[in-house]
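Each residue of the sequence shown is one higher than the one before, starting from 0 at the first, in numbering that gives the first Met the number 0. Just so you know, even glycine gets a beta-carbon here, dropped at the ideal spot from N, CA and C. These numbers come from a predicted model, not from an experiment. Structure record follows, encoded as C-alpha coordinates.
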Amino acid sequence: MELKITCIPGDGIGPEIVAEAKKVLDAVAVKYGHQMNYTDILMGGASIDAYGVPLTEEAVQTAKSADAVLMGSIGGDTTTSPWYKLPPNLRPEAGLLAIRKALNLFANLRPAVLYEELAGACPLKEEISAAGFDMLIMRELTGGLYFGERKTVEENGVRKAIDTLTYDENEIRRIAVKGFEIAMKRKKKVTSVDKANVLDSSRLWRNVVEEVAKDYPDVTLEHMLVDNCAMQLVKDPAQFDVILTENMFGDILSDEASMVTGSIGMLASASLNDTRFGLYEPSHGSAPDIAGKDIANPIATILSSSMMLRYSFDLDEEADAIDNAVKQVLKEGYRTADIMSEGCTKVGCKQMGDLLAQKIG
(Lines of atoms letter the chains of each structure in order from A and count residues from 1; the text may use other names and numbers.)
(Lines give C-alpha, C1' and ligand atoms only; values in the text may rest on other atoms or scores of the structure.)
Protein backbone atom coordinates (compact mmCIF):
# COMPACT_ATOMS: atom_id res chain seq x y z
CA MET A 1 0.00 0.00 0.00
CA GLU A 2 1.26 3.49 -0.86
CA LEU A 3 0.84 6.03 1.95
CA LYS A 4 1.14 9.69 0.96
CA ILE A 5 2.02 11.64 4.08
CA THR A 6 2.65 15.36 4.39
CA CYS A 7 5.00 16.07 7.28
CA ILE A 8 5.22 19.33 9.21
CA PRO A 9 8.44 19.19 11.25
CA GLY A 10 7.61 22.57 12.78
CA ASP A 11 9.67 24.36 15.41
CA GLY A 12 11.69 23.56 18.51
CA ILE A 13 11.91 19.80 19.03
CA GLY A 14 9.47 19.23 16.15
CA PRO A 15 12.05 18.21 13.52
CA GLU A 16 13.69 15.77 15.96
CA ILE A 17 10.52 13.95 16.98
CA VAL A 18 9.11 13.82 13.44
CA ALA A 19 12.37 12.26 12.25
CA GLU A 20 11.97 9.47 14.81
CA ALA A 21 8.33 8.92 13.86
CA LYS A 22 9.41 8.54 10.23
CA LYS A 23 12.04 6.04 11.35
CA VAL A 24 9.38 3.89 13.01
CA LEU A 25 6.98 4.25 10.08
CA ASP A 26 9.73 3.14 7.71
CA ALA A 27 10.23 0.04 9.86
CA VAL A 28 6.50 -0.65 9.58
CA ALA A 29 6.69 -0.21 5.79
CA VAL A 30 9.51 -2.76 5.52
CA LYS A 31 7.77 -5.35 7.69
CA TYR A 32 4.32 -5.05 6.15
CA GLY A 33 5.20 -4.26 2.54
CA HIS A 34 4.03 -0.64 2.34
CA GLN A 35 5.54 2.39 0.61
CA MET A 36 5.84 5.61 2.61
CA ASN A 37 5.95 8.78 0.51
CA TYR A 38 6.77 11.84 2.63
CA THR A 39 6.54 15.48 1.59
CA ASP A 40 7.68 18.10 4.09
CA ILE A 41 6.09 21.54 4.38
CA LEU A 42 6.82 24.49 6.65
CA MET A 43 4.39 25.83 9.22
CA GLY A 44 4.64 28.01 12.30
CA GLY A 45 7.87 29.83 13.09
CA ALA A 46 9.83 27.99 10.40
CA SER A 47 7.38 29.27 7.80
CA ILE A 48 7.53 32.80 9.23
CA ASP A 49 11.31 32.78 8.91
CA ALA A 50 11.17 31.53 5.33
CA TYR A 51 8.07 33.26 3.94
CA GLY A 52 6.92 35.86 6.45
CA VAL A 53 3.65 34.02 7.20
CA PRO A 54 2.92 31.01 9.46
CA LEU A 55 1.30 29.01 6.64
CA THR A 56 1.39 29.50 2.88
CA GLU A 57 -1.34 28.55 0.43
CA GLU A 58 1.16 26.26 -1.32
CA ALA A 59 1.67 24.38 1.95
CA VAL A 60 -2.09 24.00 2.37
CA GLN A 61 -2.45 22.57 -1.13
CA THR A 62 0.38 20.11 -0.48
CA ALA A 63 -1.35 18.97 2.71
CA LYS A 64 -4.66 18.56 0.88
CA SER A 65 -3.01 16.37 -1.77
CA ALA A 66 -1.83 13.86 0.86
CA ASP A 67 -3.68 11.02 2.59
CA ALA A 68 -2.74 12.35 6.04
CA VAL A 69 -0.58 14.95 7.79
CA LEU A 70 1.96 14.17 10.51
CA MET A 71 3.07 17.18 12.53
CA GLY A 72 5.71 17.83 15.17
CA SER A 73 5.23 20.97 17.24
CA ILE A 74 5.09 24.66 16.39
CA GLY A 75 5.87 27.86 18.25
CA GLY A 76 8.65 29.15 20.43
CA ASP A 77 9.36 31.02 23.62
CA THR A 78 6.55 33.57 23.85
CA THR A 79 8.68 35.97 25.91
CA THR A 80 11.84 36.04 23.81
CA SER A 81 11.00 34.89 20.28
CA PRO A 82 10.56 37.64 17.66
CA TRP A 83 7.63 35.62 16.28
CA TYR A 84 5.53 36.85 19.22
CA LYS A 85 6.18 40.49 18.47
CA LEU A 86 4.14 40.04 15.27
CA PRO A 87 0.38 40.63 15.02
CA PRO A 88 -1.65 37.63 16.27
CA ASN A 89 -2.63 36.57 12.74
CA LEU A 90 1.05 36.23 11.82
CA ARG A 91 2.23 34.29 14.88
CA PRO A 92 3.08 30.55 14.69
CA GLU A 93 -0.17 29.28 16.23
CA ALA A 94 -2.18 31.11 13.57
CA GLY A 95 -0.82 28.56 11.11
CA LEU A 96 -2.33 25.71 13.11
CA LEU A 97 -5.74 27.39 13.24
CA ALA A 98 -5.53 28.10 9.52
CA ILE A 99 -4.69 24.52 8.53
CA ARG A 100 -7.45 23.11 10.75
CA LYS A 101 -9.93 25.38 9.00
CA ALA A 102 -8.55 24.69 5.52
CA LEU A 103 -8.70 20.93 6.04
CA ASN A 104 -12.10 21.05 7.80
CA LEU A 105 -10.77 19.20 10.84
CA PHE A 106 -13.80 19.07 13.11
CA ALA A 107 -13.05 16.01 15.28
CA ASN A 108 -10.22 16.09 17.81
CA LEU A 109 -9.04 12.80 19.35
CA ARG A 110 -6.96 12.82 22.53
CA PRO A 111 -6.05 9.40 23.94
CA ALA A 112 -5.15 9.22 27.62
CA VAL A 113 -3.38 5.99 28.46
CA LEU A 114 -1.73 5.02 31.74
CA TYR A 115 1.01 2.52 31.00
CA GLU A 116 1.68 0.02 33.77
CA GLU A 117 5.38 0.90 33.72
CA LEU A 118 4.58 4.61 34.27
CA ALA A 119 1.89 4.17 36.90
CA GLY A 120 4.15 5.79 39.49
CA ALA A 121 3.83 9.13 37.67
CA CYS A 122 0.04 9.10 37.98
CA PRO A 123 -1.11 11.62 40.64
CA LEU A 124 -4.11 9.46 41.63
CA LYS A 125 -4.20 7.08 44.58
CA GLU A 126 -2.44 3.77 43.96
CA GLU A 127 -5.66 1.79 44.29
CA ILE A 128 -7.03 3.81 41.36
CA SER A 129 -3.92 3.94 39.20
CA ALA A 130 -3.31 0.20 39.69
CA ALA A 131 -6.34 -0.52 37.50
CA GLY A 132 -4.81 1.44 34.63
CA PHE A 133 -6.90 3.17 31.97
CA ASP A 134 -7.06 3.62 28.23
CA MET A 135 -9.56 6.23 27.11
CA LEU A 136 -10.01 8.51 24.13
CA ILE A 137 -11.66 11.91 24.29
CA MET A 138 -13.47 12.84 21.09
CA ARG A 139 -13.94 16.62 21.06
CA GLU A 140 -15.94 18.60 18.52
CA LEU A 141 -13.42 21.17 17.30
CA THR A 142 -15.09 23.78 15.09
CA GLY A 143 -18.39 24.70 16.73
CA GLY A 144 -19.94 25.61 20.06
CA LEU A 145 -19.11 28.50 22.36
CA TYR A 146 -15.63 29.12 20.95
CA PHE A 147 -17.01 29.82 17.46
CA GLY A 148 -20.31 31.50 18.33
CA GLU A 149 -21.11 35.18 18.01
CA ARG A 150 -19.66 37.30 20.79
CA LYS A 151 -19.66 40.92 21.84
CA THR A 152 -19.00 43.19 24.78
CA VAL A 153 -21.39 46.10 25.31
CA GLU A 154 -22.18 48.70 27.91
CA GLU A 155 -25.71 48.98 29.18
CA ASN A 156 -26.68 51.69 31.67
CA GLY A 157 -23.04 52.21 32.52
CA VAL A 158 -22.41 48.50 33.15
CA ARG A 159 -20.16 46.43 30.89
CA LYS A 160 -21.68 43.17 29.70
CA ALA A 161 -20.08 40.35 27.67
CA ILE A 162 -22.11 37.95 25.54
CA ASP A 163 -20.87 34.64 24.10
CA THR A 164 -23.22 32.49 22.05
CA LEU A 165 -23.26 28.69 22.19
CA THR A 166 -24.71 27.22 19.00
CA TYR A 167 -24.80 23.72 17.51
CA ASP A 168 -26.97 22.39 14.71
CA GLU A 169 -27.89 18.73 14.35
CA ASN A 170 -25.55 18.17 11.40
CA GLU A 171 -22.52 19.34 13.40
CA ILE A 172 -23.48 17.00 16.22
CA ARG A 173 -24.27 14.05 13.96
CA ARG A 174 -20.94 14.08 12.14
CA ILE A 175 -18.89 14.10 15.36
CA ALA A 176 -21.12 11.43 16.86
CA VAL A 177 -20.62 9.18 13.82
CA LYS A 178 -16.86 9.57 14.19
CA GLY A 179 -17.12 8.71 17.87
CA PHE A 180 -19.09 5.52 17.28
CA GLU A 181 -16.87 4.45 14.39
CA ILE A 182 -13.79 4.78 16.55
CA ALA A 183 -15.49 3.01 19.47
CA MET A 184 -15.97 0.06 17.10
CA LYS A 185 -12.17 -0.16 16.85
CA ARG A 186 -11.79 -0.05 20.64
CA LYS A 187 -13.90 -1.43 23.51
CA LYS A 188 -17.26 -0.52 21.95
CA LYS A 189 -18.40 1.97 24.57
CA VAL A 190 -19.29 5.65 24.14
CA THR A 191 -19.85 8.04 27.03
CA SER A 192 -21.58 11.13 25.66
CA VAL A 193 -20.92 14.11 27.91
CA ASP A 194 -23.23 17.12 28.03
CA LYS A 195 -25.13 19.46 30.36
CA ALA A 196 -28.62 18.43 29.27
CA ASN A 197 -30.16 19.34 32.62
CA VAL A 198 -29.48 23.02 31.84
CA LEU A 199 -28.61 23.71 28.19
CA ASP A 200 -30.80 23.44 25.09
CA SER A 201 -27.67 22.77 23.01
CA SER A 202 -26.92 19.78 25.23
CA ARG A 203 -30.44 18.46 24.95
CA LEU A 204 -30.15 18.55 21.17
CA TRP A 205 -26.70 16.96 21.47
CA ARG A 206 -28.15 14.09 23.51
CA ASN A 207 -31.06 13.54 21.12
CA VAL A 208 -28.86 13.42 18.02
CA VAL A 209 -26.31 11.11 19.68
CA GLU A 210 -29.13 8.71 20.56
CA GLU A 211 -30.28 8.75 16.92
CA VAL A 212 -26.76 7.93 15.70
CA ALA A 213 -26.40 5.17 18.30
CA LYS A 214 -29.19 3.20 16.62
CA ASP A 215 -26.84 2.56 13.68
CA TYR A 216 -24.23 1.03 16.01
CA PRO A 217 -26.04 -1.68 18.02
CA ASP A 218 -22.73 -3.25 19.11
CA VAL A 219 -21.68 -0.05 20.90
CA THR A 220 -22.87 0.67 24.43
CA LEU A 221 -23.97 4.28 24.90
CA GLU A 222 -24.19 6.10 28.20
CA HIS A 223 -24.88 9.76 28.93
CA MET A 224 -23.02 11.68 31.63
CA LEU A 225 -23.26 15.27 32.79
CA VAL A 226 -19.99 17.14 32.40
CA ASP A 227 -19.54 17.92 36.09
CA ASN A 228 -19.99 14.24 36.96
CA CYS A 229 -17.56 13.26 34.19
CA ALA A 230 -14.90 15.59 35.60
CA MET A 231 -15.34 13.86 38.96
CA GLN A 232 -15.34 10.34 37.49
CA LEU A 233 -12.09 10.99 35.60
CA VAL A 234 -10.24 11.19 38.92
CA LYS A 235 -12.43 8.70 40.80
CA ASP A 236 -12.59 5.82 38.31
CA PRO A 237 -10.91 6.58 34.95
CA ALA A 238 -10.84 2.89 34.01
CA GLN A 239 -14.60 3.00 33.31
CA PHE A 240 -14.15 5.09 30.14
CA ASP A 241 -13.50 4.07 26.55
CA VAL A 242 -14.59 6.86 24.14
CA ILE A 243 -15.75 10.14 25.71
CA LEU A 244 -17.76 12.08 23.12
CA THR A 245 -18.37 15.76 23.83
CA GLU A 246 -18.64 19.31 22.52
CA ASN A 247 -15.87 21.84 22.10
CA MET A 248 -15.51 23.59 25.45
CA PHE A 249 -16.26 20.53 27.57
CA GLY A 250 -13.74 18.55 25.50
CA ASP A 251 -11.11 21.24 25.92
CA ILE A 252 -11.36 21.03 29.70
CA LEU A 253 -11.81 17.28 30.08
CA SER A 254 -8.96 16.37 27.73
CA ASP A 255 -6.55 18.49 29.78
CA GLU A 256 -7.77 16.84 32.96
CA ALA A 257 -7.36 13.38 31.41
CA SER A 258 -3.85 14.18 30.23
CA MET A 259 -2.88 15.23 33.74
CA VAL A 260 -3.93 11.96 35.34
CA THR A 261 -1.60 10.04 33.00
CA GLY A 262 1.30 11.85 34.64
CA SER A 263 3.29 12.31 31.42
CA ILE A 264 2.36 14.67 28.61
CA GLY A 265 5.35 13.39 26.61
CA MET A 266 3.41 10.19 25.98
CA LEU A 267 0.18 11.71 24.67
CA ALA A 268 -0.76 11.57 20.99
CA SER A 269 -3.62 13.38 19.26
CA ALA A 270 -5.46 13.53 15.97
CA SER A 271 -7.84 15.89 14.20
CA LEU A 272 -10.09 14.38 11.52
CA ASN A 273 -12.44 15.66 8.84
CA ASP A 274 -15.47 13.92 7.35
CA THR A 275 -13.32 11.62 5.19
CA ARG A 276 -10.47 9.38 6.38
CA PHE A 277 -8.09 12.34 6.24
CA GLY A 278 -6.51 13.53 9.47
CA LEU A 279 -3.76 15.64 11.01
CA TYR A 280 -1.76 13.81 13.68
CA GLU A 281 0.42 15.51 16.29
CA PRO A 282 1.70 15.13 19.86
CA SER A 283 -0.23 16.90 22.59
CA HIS A 284 2.87 18.60 23.98
CA GLY A 285 4.51 21.81 22.81
CA SER A 286 7.69 22.66 20.93
CA ALA A 287 9.95 22.81 24.04
CA PRO A 288 12.46 25.26 22.51
CA ASP A 289 14.67 25.06 25.62
CA ILE A 290 15.64 21.46 24.82
CA ALA A 291 15.62 21.66 21.01
CA GLY A 292 18.68 20.17 19.34
CA LYS A 293 19.91 18.44 22.50
CA ASP A 294 18.66 14.92 21.62
CA ILE A 295 16.73 14.65 24.88
CA ALA A 296 13.15 15.12 23.65
CA ASN A 297 10.66 12.29 24.06
CA PRO A 298 9.47 11.18 20.58
CA ILE A 299 6.92 8.66 21.83
CA ALA A 300 3.88 10.96 21.62
CA THR A 301 4.66 11.68 17.96
CA ILE A 302 5.30 8.00 17.27
CA LEU A 303 1.98 7.10 18.90
CA SER A 304 0.36 9.81 16.77
CA SER A 305 1.72 8.00 13.70
CA SER A 306 0.10 4.83 15.06
CA MET A 307 -3.22 6.68 15.19
CA MET A 308 -2.62 7.80 11.61
CA LEU A 309 -2.21 4.21 10.44
CA ARG A 310 -5.33 3.16 12.33
CA TYR A 311 -7.74 5.95 11.45
CA SER A 312 -6.60 7.30 8.07
CA PHE A 313 -5.35 4.05 6.51
CA ASP A 314 -7.34 1.39 8.41
CA LEU A 315 -4.08 -0.47 9.13
CA ASP A 316 -4.93 -1.79 12.58
CA GLU A 317 -2.28 -4.52 12.66
CA GLU A 318 0.46 -2.05 11.82
CA ALA A 319 -0.83 0.41 14.42
CA ASP A 320 -0.88 -2.37 17.01
CA ALA A 321 2.74 -3.14 16.15
CA ILE A 322 3.76 0.42 17.06
CA ASP A 323 1.68 0.44 20.24
CA ASN A 324 3.14 -2.90 21.33
CA ALA A 325 6.67 -1.71 20.56
CA VAL A 326 6.16 1.25 22.91
CA LYS A 327 4.88 -1.04 25.66
CA GLN A 328 7.81 -3.44 25.20
CA VAL A 329 10.48 -0.73 25.27
CA LEU A 330 8.95 0.74 28.43
CA LYS A 331 8.75 -2.73 29.97
CA GLU A 332 12.46 -3.22 29.28
CA GLY A 333 13.16 -0.07 31.28
CA TYR A 334 14.20 2.44 28.63
CA ARG A 335 13.21 6.04 29.36
CA THR A 336 13.79 9.50 27.99
CA ALA A 337 14.63 12.19 30.53
CA ASP A 338 11.04 13.37 31.07
CA ILE A 339 9.82 9.93 32.18
CA MET A 340 13.04 8.70 33.82
CA SER A 341 12.77 6.85 37.12
CA GLU A 342 15.19 5.01 39.38
CA GLY A 343 16.48 1.73 38.00
CA CYS A 344 15.72 2.56 34.38
CA THR A 345 18.06 3.24 31.46
CA LYS A 346 18.08 6.82 30.16
CA VAL A 347 18.17 7.19 26.37
CA GLY A 348 18.03 10.14 23.99
CA CYS A 349 15.49 10.98 21.34
CA LYS A 350 17.32 9.19 18.53
CA GLN A 351 18.04 6.08 20.56
CA MET A 352 14.41 5.82 21.62
CA GLY A 353 13.43 5.95 17.95
CA ASP A 354 16.00 3.26 17.16
CA LEU A 355 14.72 0.99 19.93
CA LEU A 356 11.13 1.30 18.78
CA ALA A 357 12.03 0.71 15.13
CA GLN A 358 13.95 -2.41 16.13
CA LYS A 359 10.91 -3.77 17.98
CA ILE A 360 8.81 -3.34 14.82
CA GLY A 361 11.32 -5.36 12.80
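Secondary-structure assignment with DSSP links Gln34 through a beta bridge to Glu1. Relative to the Cα of Ala45, the nearest Cα in the group Lys30, Ala93 and Lys21 belongs to Ala93. For Val157, the enclosing beta strand (DSSP E) starts and ends at Val157 to Asp162.
Taking each of Tyr279, Ile161, Ile4 and Lys213 in turn and checking the Cα distance to Ser72, the smallest one comes out for Tyr279. In the three-state reduction of the DSSP assignment, Arg334 falls in the strand class, which pools E and B. When the beta-carbon positions are compared, Ile47 and Thr5 stay at least 7 Å from each other.
A check of alpha carbon separations from Ile98 across Asp133, Met70, Asp353 and Ser80 identifies Met70 as the nearest.
Nearest to Ala67 by C-alpha distance, out of Ser201, Leu2, Leu54 and Lys21, is Leu2. Apart from sequence neighbours up to five positions away, the residues of its chain that approach Asn246 with a beta-carbon distance below 7 Å are Arg138, Glu139, Leu140, Gly142, Gly143, Leu144 and Tyr145, ordered along the chain. When the Cα atoms are used, Asn103 and Pro236 turn out to be separated by approximately 31 Å.
Between the alpha carbons of Thr61 and Leu54 lies a gap of roughly 11 Å. Pairing Gln327 with Gly352, the inter-Cα distance amounts to about 13 Å. Three or more Cβ pairs closer than 8 Å define a contact, and the stretch 149-167 falls short of that threshold against the stretch 265-277.
Between Leu243 and Val189, the beta carbon gap of about 5 Å places them in contact (Cβ cut-off 8 Å). In the three-state DSSP reduction, Met223 falls in the strand class (E or B). The beta carbon of Leu266 sits closer than 6 Å to those of Ser257, Ser282 and Ala299, all from its chain and outside the five residues before and after it, given in chain order. In this structure, the beta-carbon distance from Phe132 to Leu113 falls below 7 Å. When the beta-carbon positions are compared, Ile321 and Ser311 stay at least 7 Å from each other. C-alpha of Thr344 to C-alpha of Cys121: approximately 20 Å in a straight line.
Within the stretch 50-91, the runs of beta strand (DSSP E) at least 3 residues long that lie entirely inside it are, in chain order, 67-72. Rounded to whole angstroms, Ala118 and Val325 show a C-alpha spacing of 15 Å. With fewer than 16 other Cβ atoms inside 10 Å of its own Cβ, Ile161 counts as exposed. Shown here for Met223: same chain residues with a beta carbon closer than 6 Å to its own, the five before and five after excluded, namely Thr190 and Val192 in chain order.
By the Cβ-count criterion, Thr38 is exposed, with fewer than 16 other Cβ atoms from all chains shown falling within 10 Å of its own Cβ.
Nearest to Gln238 by alpha-carbon distance, out of Asn323, Ser128 and Arg172, is Ser128. Assignment of alpha helix (DSSP H) within the stretch 126-160, counting only whole runs of 4 or more residues, yields no such run. In the displayed model, Ala290 falls within coil according to three-state DSSP, outside both helix and strand. Residue state for Lys124 is assigned as coil, using DSSP reduced to three classes.
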